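Numbering (my numbering), first residue to last: 838 to 926.
Next up, the structure:
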């Protein structure tokens with residue numbers, strides 16, 4: 838039970854760090870902006886989005902932010918596991 842709680846808290850920490858990384862590190866933030874715009878244009882061309890949204894408040898931006906944060910959190914978790922394995926814990 839204790840290890841499950843620790844894993845949940847570690848996962849939340851990875852997600853918080855991933856949000857911080859995506860907000861502070863400029864190349865990641867620029868990639869998010871570019872990929873959000875690309876996804877918005879793609880969905881607009883196929884008429885899956887028919888309303889006008891404010892920049893940064895549209896569904897493609899949210900989708901791309903969730904994907905980027907999950908990928909960064911997964912990479913953080915993998916790197917911590919590899920580091921722990923190399924240390925010998």
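Note that CB positions come from ideal geometry on N, CA and C, so glycine has one too.
Since this is a predicted model, take the numbers as computed values, not measurements.
A contact between stretches requires three or more CB pairs, one per stretch, nearer than 8 angstroms, and the stretch 843-859 meets this requirement with the stretch 909-916. When DSSP states are grouped into helix, strand and coil, residue 838 belongs to the coil group. If you draw a 10 Å sphere on the C-beta of residue 857, you find fewer than 16 other C-beta atoms in it, and that means exposed. Nearest to residue 879 by C-alpha distance, out of 866, 840, 839 and 896, is 896. Rounded to whole angstroms, residue 838 and residue 848 show a C-alpha spacing of 15 angstroms.
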